[in-house]
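Engineer:
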Amino acid sequence: MVEEIVENQDHELPLEGVGRRLQREREAQGVSLEQIAEQTRISERHLELIEQDKFSELPARTYVYGFSRSYARALGLDEGEIVNDLRAELDNTLAGRPRYTPAFEPGDPAKAPPRGVVWASAIAVLLLAIGSYVFFGRFTAPGADPAPLVSEETLESAETDVAQAEAAPTGSSQNVGTLPDQVVFTALEDGVWVSFYEANGRRLEQKLMAIGESFTVPADADDPRIWTGRPDAFAITIGGEAAPRLADEEITVRDIPITADALRSRVPVDPGSTEMSADPG
127 MVEEIVENQD HELPLEGVGR RLQREREAQG VSLEQIAEQT RISERHLELI
177 EQDKFSELPA RTYVYGFSRS YARALGLDEG EIVNDLRAEL DNTLAGRPRY
227 TPAFEPGDPA KAPPRGVVWA SAIAVLLLAI GSYVFFGRFT APGADPAPLV
277 SEETLESAET DVAQAEAAPT GSSQNVGTLP DQVVFTALED GVWVSFYEAN
327 GRRLEQKLMA IGESFTVPAD ADDPRIWTGR PDAFAITIGG EAAPRLADEE
377 ITVRDIPITA DALRSRVPVD PGSTEMSADP G
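If you count the sequence shown from 1, you need to add 126 to reach my numbering.
Put into structure tokens, the structure is as follows:
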């Protein structure tokens, strides 16, 4: 049965996840996570989630692909191979199939877990069931629904957020090497045309961007603007933190201010319009 499942997979996955592979290669090269964050303009928090294979905690799958491609490029790895392996890894996870080949074959007595471990697990399950019965029997009144309990996962996430907030220096939540108002656009698809320019007409960049390619808006740019027909194909970060995209569908946007303040106060694009420009007033 195990062999049948593996043979039916469209893309054979390595025994190690993409995130762990990137972490292992980074450590082998003696590069710190801070250096990768500074080079790719991706926050250290997002890079840590990638290394821990916690892709579901990133803003969206498109960010996962773009960030991982930039990370692989920074290490000199094959970007296409990393993205293909990552896509297969995520597809297999969503399909409910095992992400990696099982470490032992069912039915092999030599590789089966020790009997003591099995008994200990059974006893733990039994004690948990008894504890749950006693708890609900003692603390819930007849005819009343029990109060909802906070899941362990939610509690751990809350504790982590609190710990990070307490550890952060006062007045700043940015990573070292990333300016608070630094704006970075990252292409989420291949062949996306875009023009970045100043309000006075001076061109900053105009090209077809490849997937994972980034453009950092110069800090000294005079009222920078953007013109593109695919605002939905760009991930945006401000100070290393993910920001909403300019639109969620293909629509031409032109003369849209892209300073940090303008992006933070931006009004969402009207889905019914065919083109959006900056308010001349």
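The beta carbon of each residue, even a glycine, is placed where N, CA and C say it ideally should be. Treat the numbers as computed from the prediction; the structure is a model and nothing was measured.
Alpha carbon to alpha carbon, what distance is there between I168 and E103?
Structural biologist: No answer is possible for residue 103: it lies beyond the span of the chain, which begins at 127 and ends at 407.
Engineer: For Q165, collect the residues of the same chain with a Cβ closer than 6 Å to its Cβ; drop the 5 residues on either side in sequence, then sort them by chain order.
Structural biologist: A200
Engineer: Could you tell me whether the segment 361-373 touches the segment 316-336, using the rule of 3 or more Cβ pairs below 8 Å?
Structural biologist: Counting Cβ pairs under 8 Å, fewer than three are found: no touch.
Engineer: Write down the C-beta distance between A359 and E315 rounded to the nearest angstrom, noting that I regard them as a contact closer than 8 Å.
Structural biologist: Contact between A359 and E315 holds, with the beta-carbon distance rounding to 5 Å and staying under 8 Å.
Engineer: Among all the DSSP beta bridges, which residues are the ones paired with P350?
Structural biologist: E324
Engineer: Is the Cβ-Cβ distance between L148 and E170 less than 8 Å?
Structural biologist: no
Engineer: For D381 and Q155, what's the separation of their Cα atoms in angstroms?
Structural biologist: 43 Å
Engineer: Is the Cβ-Cβ distance between T312 and G202 less than 8 Å?
Structural biologist: no
Engineer: Using CA coordinates, which residue listed in T385, I362, I384, L389 is at the minimum distance from P185?
Structural biologist: I362
Engineer: Tell me which same chain residues have a C-beta within less than 7 Å of the C-beta of A289, skipping the five on either side of it?
Structural biologist: Its pLDDT being 44, under 50, A289 is placed unreliably by the model, and nothing is read from it.
Engineer: Taking only the alpha-carbon atoms, compute the straight-line gap between V209 and L253 and give it to the nearest angstrom.
Structural biologist: 44 Å
Engineer: Helix, strand or coil for A368, going by three-state DSSP, please let me know.
Structural biologist: strand
Engineer: Would you kindly report the start and end of the unbroken beta strand (DSSP E) that includes A313?
Structural biologist: 309-313
Engineer: According to DSSP, which residues form a beta bridge with T363?
Structural biologist: V310, A368
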